[in-house]
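Working notes, structure below.
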Amino acid sequence: MKLVYFSWVKDRIGMAEEEVELPENVKTVADLLAWMPGRGANFADALADPAIIRVAVDQEYAQGERDVRGASEIALFPPVTGG
Numbered sequence: 001m002k003l004v005y006f007s008w009v010k011d012r013i014g015m016a017e018e019e020v021e022l023p024e025n026v027k028t029v030a031d032l033l034a035w036m037p038g039r040g041a042n043f044a045d046a047l048a049d050p051a052i053i054r055v056a057v058d059q060e061y062a063q064g065e066r067d068v069r070g071a072s073e074i075a076l077f078p079p080v081t082g083g
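Per full-length UniProt numbering, residue 1 is the first one in the sequence shown, and the count goes up by one each step.
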């Protein structure tokens, strides 16, 4: 599965995207956000406040209980503001 990072999430993690194999216990967006900080200090820093991270699963906005199993791509990004 491809994980894609945008804006300051990308800057803090230190990469724009990566291919990962999720552990079997990661089934939802909430599970993913709980698992990722354990991958290293850069992930912990980027996801210190998971409540502000926005997630898209296969290019559709998704919230906590959305199933991620079988997804091709998951994007993580900060809130978007307009002007």
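Beta carbons: idealized from backbone N, C-alpha and C, even for Gly.
Report buried or exposed for residue i, applying the criterion of at least 16 other Cβ atoms within 10 angstroms of its Cβ.
i, result
"ALA75", "buried"
"MET36", "buried"
"ALA51", "exposed"
"VAL80", "exposed"
"ALA71", "buried"
Note down, in chain order, each residue of its chain lying with its Cβ closer than 8 Å to the Cβ of residue i, except the 5 sequence neighbours on either side.
i, result
"VAL4", "ALA16, GLU17, GLU73, ILE74, ALA75, LEU76"
Could you please give me the residues that DSSP links to residue i through a beta bridge?
i, result
"ASP49", "ASP49 is not bridged to any residue."
"VAL55", "ALA62, LEU76"
"GLU19", "LYS2"
"ASP31", "DSSP output for ASP31 lists no bridge partner at all."
For residue i, which residues from the same chain have a beta carbon less than 7 Å from its beta carbon, with the 5 sequence-adjacent residues on both sides left out?
i, result
"ARG66", "THR28, VAL29, VAL57"
Could you give the residue range of the alpha helix (DSSP H) that holds residue i?
i, result
"VAL9", "7-13"
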